[in-house]
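Report on the structure given below.
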């Protein structure tokens, strides 16, 4: 259990922080707070204890610093400020006392683990990482609304209680902190939750002293130039929108949104996938304010408002029709005004509703690799993984040393056989990295699975391309230019430029392909 401000335990070889005035088990501070168990010493030179409020009989966390006075001023001021903000995702601050030889802050005790401890067992799944990021951003929105800064957001101060509540603890701001640094730290928390690596590992955490706890949180994966690897490059299964959002927050060239906008966006992404009325429109991209652009909250709030208004209009229309029918019945005692059952011919009759869009369940026998320019034809293994429904499993090509297959081939593709002609709505290819160039071709027949057969197939299919070519695109490629009055059986996802997965190395990794039909 970690109940610390810095979230970093001091090394065993480090000297004890307190000598004179050191607390002991059973001691009662301020005639109220009994010390029960010493949890650890943090890297900022504070002791953290589990205690009990003997008056209210509730567990508390007691964070002590020696000495008090000027050395503890910042800690106490931050605690007093934090006590004024009440939010379910903020640890409650109960007391802050300076006794000269030592000072201490009494706050809520959280039964659970820190994010640092939780992720030590392995990276979290994207849904849980999103939920934690949403809770942290919501807590910061409450803090920032008062004009204050938290200044101490990292895996050690993000607590996950045994009942699933996420709590941000131990605000400890100083003059170097800002609301922007808090928001960058949310990107760090998301990155850490998704990968198990801390993206700010090149420098000590806020307030840390050299040699204390630096090895506890692994540094992020980096290229030869020190550039940060995206979460999708570290592990499979990270959705493109979450990868983009995390990297945008960490990119100091991109201004972050305000904390309330970030909380709203993460809340939108946290919506369960089975709530299909919410379109998965991808992440908020952070740009400068522009009065001519839609508000960043419009993808979530605007859509719900439109649905609500539409629902009210339907109810009103039904009520109006019932009222008109009732009135007409009162004026016609013979009942002749009642319409007989059956359709009524009218030029104004509404058009039939379009067929519902559904996602096809593709079998492993419905996809195969198209590789016309390779004699070895050794990159076919694992193609079934693109239709297994598991984004952690993927098909991949060999590594090449430039974006265009090292000029060894003009491209590679995946042929999709729908088994029968169907009205296709869209094709979506989910890749592990952004930067690929792809397109969709359609044809009327398959060809033998040979080099010559693949060449003939590509030649035949290239006469019919659907929609535009997506050049240097994001990791989620959606092709939706299909004609509504046409049916297709064979679709060819064709890639000519590969994403860069490492310095100078290019590879196509396809996690999933889905086809929607009507």
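Numbering (UniProt numbering), first residue to last: 1 to 518. Beta carbons: idealized from backbone N, C-alpha and C, even for Gly.
- The residues 397, 400, 403, 404, 405, 435, 436, 506, 507 and 508, in chain order, have a CB closer than 8 Å to that of residue 498 in the same chain once the five nearest residues on each side in sequence are set aside.
- Across the structure, residue 484 and residue 424 are spaced so that their CA atoms are roughly 8 Å apart.
- Three or more Cβ pairs closer than 8 Å define a contact, and the segment 112–126 meets that threshold against the segment 157–169.
- C-alpha of residue 371 to C-alpha of residue 357: approximately 31 Å in a straight line.
- Going by beta carbons, residue 22 and residue 72 fall outside the 7 Å limit.
- By DSSP's assignment, residue 436 forms a beta bridge with 473.
- For residue 518, there is no enclosing beta strand (DSSP E), as DSSP marks it with neither H nor E.
- Here residue 119 is buried, its C-beta having at least 16 other C-beta atoms within 10 Å.
- Fully enclosed beta strand (DSSP E) runs of no fewer than 3 residues occupy 103–108 and 112–114 of the segment 98–151, in order along the chain.
- Assignment of residue 468 by DSSP, reduced to helix, strand and coil, places it in the strand class.
- A residue is called buried when at least 16 other Cβ atoms come within 10 angstroms of its Cβ; residue 512 meets this threshold and is buried.
- Here residue 97 is buried. Its C-beta has 16 or more other C-beta atoms within 10 Å.
- C-alpha of residue 194 to C-alpha of residue 432: approximately 14 Å in a straight line.
- Between residue 427 and residue 479, the beta carbon gap of about 5 Å places them in contact (Cβ cut-off 8 Å).
- By the criterion of a C-beta distance shorter than 7 Å, residue 368 is surrounded in its chain by 383, 415 and 449, once the five residues flanking it on both sides are discounted.
- Non-local beta-carbon contacts of residue 494 in its own chain, meaning distances under 7 Å to residues more than five positions away in sequence, involve 411, 413, 438, 439 and 441 in chain order.
- It is roughly 58 Å from the alpha-carbon of residue 30 to the alpha-carbon of residue 501.
- The beta carbons of residue 243 and residue 230 sit closer together than 7 Å.
- Annotation: the continuous alpha helix (DSSP H) that includes residue 461 extends over 451–461.
- Remark: C-beta atoms of residue 33 and residue 62 approach each other more closely than 7 Å.
- The three-state reading of DSSP puts residue 364 in helix, counting H, G and I together.
- The C-beta distance from residue 515 to residue 362 rounds to 7 Å, short enough to fall under 8 Å.
- Note: residue 159 is bridge-paired with 114 and 167 in the DSSP secondary-structure output.
- Rounded to whole angstroms, the Cβ separation of residue 39 and residue 52 is 14 Å, and the two are not in contact under 8 Å.
- Here the C-alpha atom of residue 87 lies approximately 11 Å from the C-alpha atom of residue 169.
- Annotated three-state conformation of residue 359 is strand, per DSSP.
- Taking the Cβ atoms as the reference, residue 510 lies roughly 6 Å from residue 394, within the contact range of under 8 Å.
- The shortest C-alpha to C-alpha distance from residue 420 to any of 252, 78, 409 and 444 is the one to 444.
- The C-alpha of residue 472 is placed about 46 Å away from the C-alpha of residue 82.
- Positions of the beta strand (DSSP E) runs, each at least 3 residues long and wholly inside the segment 27–95, are given as 33–41, 46–53 and 58–65 in order along the chain.
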